[in-house]
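Numbering (this note's numbering), first residue to last: 10 to 346.
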């Protein structure tokens, strides 16, 4: 009896474990089916044939697939919009560059026209000088001989004076040729210097058109920090703009000075030398885009607007200098086109 009871107890435990396993498997299969049905839940569309008695067809669209398709469409649309905006921005930049080149070409055309007019005037002056001078020393001698009568030629004193006059006229003719050549050389040199000075002269705003506004002009003003009771003399013009706004060179030249930290209150600033002692200074920058010794053209980005140094806000302090003199009023140069 003891053996039978032990055997029946072991069989009972086996049956219980088998039932528990079946129950566990059934619950998990049921849970998996429910999750599967929930995952595949979505929209059902019934399609009824118009000219047939066939049963309707059922189209089932999963929510996940529907969400994925919507997200895909939105992503493609946004990507297309970003690409289109990028191309539009590039087009605007290209148009702006073309406009700047047109302005430069028109300036070149004006300079060339002015240079041609000056050359024409020089040619007319040279031609007038030649008309009043003797073309050939032989003609000069013949003219003097024609003025000498037989009576005067027999007088030694008269002949001597005429010979001296002839020598003096020859010397004067040679000197006039030298003076004429020197005048022509200096005239052309003056024309070239004038054209070059017009080219390197700072002109326009130190920012792109339509960007920034003048917040403080040149000359006497109230001290923005309230430290000077008698006021303050402003040596430049301030342009208020958003931080990081590009700052452009107003004339071609060479970067003569870049300062990352200044005790004078300028903060980060850059100075460009344009020739003939003319230089421009751009102060309170947040970052510089050039190095000392680098060549720049008019319109090149050289720095970005900041609030470094003694500044009450984000702005650009712009100066125009001649030699070692303090800054001059930049307003006339800003108004140049």
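We put the CB at the ideal spot given by N, CA and C, even for glycine.
Within the model, the alpha-carbon separation for residue 72 versus residue 307 is close to 59 Å.
Between the segment 284-302 and the segment 208-223, the count of Cβ pairs shorter than 8 Å is three or higher; the stretches touch. Considered as a whole, the segment 313-337 harbours 324-331 as its complete beta strand (DSSP E) runs of no fewer than 3 residues, in chain order. In the three-state scheme derived from DSSP, where H, G and I count as helix and E and B as strand, residue 281 is classed as strand.
For residue 102, the three-state secondary structure derived from DSSP is helix. In the structure shown, residue 249 adopts extended strand secondary structure according to DSSP, grouped into three states.
Scanning 206, 128, 244, 262 for the CA closest to the CA of residue 336 turns up 244. Distances from the CA of residue 342 to each of 214, 255, 78, 325 were compared; the closest alpha carbon is that of 214. Under DSSP, residue 289 forms a beta bridge with 281, 329. Straight-line spacing of the CA atoms in residue 204 and residue 226 works out to 30 Å. Residue 323 sits away from residue 292, with the two beta carbons spaced by 8 Å or more.
Contact check for residue 277 against residue 301 fails: the beta carbons are separated by 8 Å or more. Separation of residue 297 and residue 318 (C-alpha to C-alpha, rounded to the nearest whole angstrom) is 14 Å.
Shown here for residue 108: not one same chain residue has a beta carbon closer than 6 Å to its own, the five before and five after excluded. Residue environment analysis places residue 218 among the exposed positions, since fewer than 16 neighbouring C-beta atoms fall within 10 angstroms of its C-beta. For residue 342, the uninterrupted alpha helix (DSSP H) segment begins and ends at 340-343. Among the bridge pairs identified by DSSP, residue 58 is matched with none. Around the beta carbon of residue 89, fewer than 16 other beta carbons lie within 10 angstroms, which makes this residue exposed. In terms of CA proximity to residue 216, 251 leads the group 251, 233, 231. Taking all protein chains in view, the Cβ of residue 321 is surrounded by fewer than 16 other Cβ atoms within 10 Å, so the residue is classified as exposed.
DSSP places residue 225 within a strand segment (E or B) once states are collapsed to three. The continuous stretches of beta strand (DSSP E) do not include residue 307, and DSSP gives it neither H nor E. Between the C-alpha atoms of residue 25 and residue 38 there is a straight-line separation of about 20 Å. Within the model, the alpha-carbon separation for residue 311 versus residue 112 is close to 20 Å. Taking residue 328 as the centre and dropping the five residues before and after it, the same chain places the C-beta of 244, 245, 289, 290, 336, 339 closer than 7 Å to its C-beta, in chain order. When beta bridges are read from the DSSP output, residue 123 appears opposite no residue. Assignment of beta-bridge partners to residue 294 by DSSP yields 277, 314. Beta-bridge annotation (DSSP): residue 267 is paired with 279. For residue 241, the enclosing beta strand (DSSP E) starts and ends at 241-243.
When the Cα atoms are used, residue 21 and residue 34 turn out to be separated by approximately 20 Å. Beyond the five residues adjoining it in sequence on each side, residue 271 comes within less than 7 Å, by CB distance, of 278, 318 in the same chain, given in chain order. The Cβ atoms of residue 241 and residue 224 do not sit closer than 8 Å to each other.
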